[in-house]
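One structure below.
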Amino acid sequence: MPQRHSLVLDPNREPGERWRAVYACRSSLSRGRLIEEPGSATRNHFQRDRDRIIHSTAFRRLKHKTQVFVSHEGDHYRTRLTHTIEVAQIARALARALGLDEDLAEALALAHDLGHTPFGHTGEDALDECMRAYGGFDHNAQTLRIVTRLERRYADFDGLNLSWEALEGLVKHNGPLVDAAGRPTERYAKTGIPMAIVEYQERQDLWLDSHASAEAQAAALADDIAYNAHDIDDGLRAGLFELSDLRAVPFLAELLDEIERLHPGLEKARATNELVRRVITRFVEDVIGRSQALIAALAPADADAIRRAGAPVIAFSETNAEADRAIKAFLYPNMYRHPRVGVIRQQAADVVRDLFTRFSAAPQAMPEDWGSGADELDEARKARRIADYIAGMTDWYALDEHRRLFDATPALR
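For the sequence shown, our numbering gives the first residue as 7, with consecutive numbering after it.
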C-alpha cells in the first residue's frame, strides 16, 4: 500500500467538523482592501471575496476554456471551470481538517486560474512567445490584472477590490517571488517579476519575499491533487493510455492492486473511478498528516508566523511528493505531449499567434472597447492590451474571431 501519513485525530471533534486554529487567517484581522468599502451586513471579507470571484465575467469564461482537451472533443472532459470546482472542494477539505479559514481557501481556489488563456497551457505558451519583447505573459500575473484592473463591474473601482489576503494568496500561488535581498526567485530568475505584479506592488505591498498563508498553500496543493487525479481520468477516457500502463508508477500500481484485490474483474469505468478517488484520498490524507506534523514543529502563534516560516507548512510527505513527481513524469509524455494531443496543440498555438499578429497590425480589428485608442499607445502598452483581449477569450470565441479574420481556421480535432 502507498504510505499514508499518520493523521492526528481529535476524539472531541466529529470528522469534517469546522474549527479554527490560531494560525488561520481571520477575516476580522484582514489587512483590508486597496479601496476602502463599507462592510457587508451578512458576509465577512473572505466570503465577499469568494462571491465576487464567482460572479465575475472571468469566472464564467472558464466554462469554455481548455484544461487539456478542447471542449468539443467530449462532454465529460474537464474544462477550466470543472477543474476549478474540484480544486475548491479539495481546498475546503484541507482547510477544514487543518483548522484554516475555509472561505479564503475556497476563494483562492476559485480564482487561481482566472488568468489562463484559451487552449490551456498551449495558449499561454504561444501568448508568452508573442509577448516576449514586452515582458512575456504569465497566467498568475494575468489573474492579478483581472481582479485588480480588467473586471469592470463596480462603480467605484476597477477589478474586484479583493482583500489583501486574497491578492497575496493569488500572487504567491507558487511561493515567494523574491528572496530577502529582493532578487527574483527561481521561477522568475530569467524573466524578472511580471510587470503587472511590480506595478501593483507599488500600490499595495503583498510581501513578495514571504510564503503565503496556510490557506493559500492548501489551495496550491489542492490544484496539484486535482489535476493529477482528473488528468489520469481524462487520459484513460480519451484512450491515450490504459490502466495497465499506469503500473509504471509504483504509487498507482499499489492502488490498482488494492482495487483488484477488493473488486476482482471490475469493469474499466468503475475501476477508473475507484482509482481516481483513491488518488485524491491518499494525497489529501497525506497532506493533512504531514502538515499537522510541520505545524506542530513550528508552533505558529498566528497566520503571519506561517508566512515567516521560511518553507511551506502545507505539504506532501517525501514519499507522496515522489509519487506526485512520478505521476507528472508519466502524464507528460503519455498525455500532454501525446502525438494526438500534439496536433491540436500546434493548431491552437497557431490560432493564438495569428490573432496576436493581426491585432498588432490592425488594432481596430478588435471590438471597439478594446481597439479604440490602441494606435495611440506605445508598442508595449498596445501589445499588453492585445494580450489582455486574447487571454480573456474562451476557446470558442478565439476560434470564432479567427474565422472572422482568416480564410481557414483549424477544427482542433
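Every residue, glycine too, gets a C-beta built ideally from N, C-alpha and C.
For a test of the three-state rule: what should DSSP assign to Ser216, helix, strand or coil?
coil
Once you ignore the five residues that flank Thr400 on each side, which residues in its own chain have a CB closer than 7 Å to its CB?
Cβ neighbours of Thr400 beyond the five flanking positions: Arg67, His70, Lys71 and Pro124.
Which residue or residues does DSSP assign as beta-bridge partners of Thr85?
DSSP lists Thr72 as the beta-bridge partner residues of Thr85.
Would you call the segment 263-275 and the segment 96-114 in contact, with 3 or more CB pairs under 8 Å?
no
6 Å Cβ shell around Met201 - same chain, five flanking residues per side excluded
Gly141
Beta-carbon contacts of Gln210 that lie in its chain and below 8 Å, excluding the five residues immediately before and after:
Leu40, Trp170 and Leu173
For the alpha helix (DSSP H) containing Glu266, name the first residue and the last one.
Pro256 to Leu268
Mind reading off the beta-carbon distance from Ala27 to Leu104? Whole number of angstroms is fine, and I expect it under 8 Å.
7 Å
Pull the bridge partners of Val184 from the DSSP assignment, please.
Pro190
Continuous alpha helix (DSSP H) stretch holding Cys136: start and end:
Gly126 to Cys136
Along the chain, where does the alpha helix (DSSP H) containing Leu281 start, and where does it finish?
Lys274 to Leu304
Just how far apart, CA to CA, sit Asp381 and Asp394?
16 Å
Please classify Leu15: is it buried, with 16 or more other beta-carbons within 10 angstroms of its beta-carbon, or exposed?
exposed
Would you kindly work out how many angstroms separate the C-alpha atoms of Thr197 and Lys178, rounded to a whole number?
Each residue's alpha carbon lies about 16 Å from the other.
According to DSSP, is Ser36 helix, strand or coil?
coil
Check whether the segment 127-140 touches the segment 258-265, counting contact only when three or more Cβ pairs, one atom from each stretch, lie closer than 8 Å.
no
What does the Cβ neighbour count give for Phe25, buried or exposed, with the cut at 16 atoms within 10 Å?
Looking at the sequence provided, one finds Trp at residue 25 rather than Phe. Under this definition Trp25 is an exposed residue.
What residue range does the alpha helix (DSSP H) around Pro334 cover?
Residue identity check: residue 334 is Lys in the sequence provided, not Pro. Element bounds for Lys334: Glu324 to Leu337.
Measuring straight from C-alpha to C-alpha, what distance separates Ser366 and Glu280?
49 Å
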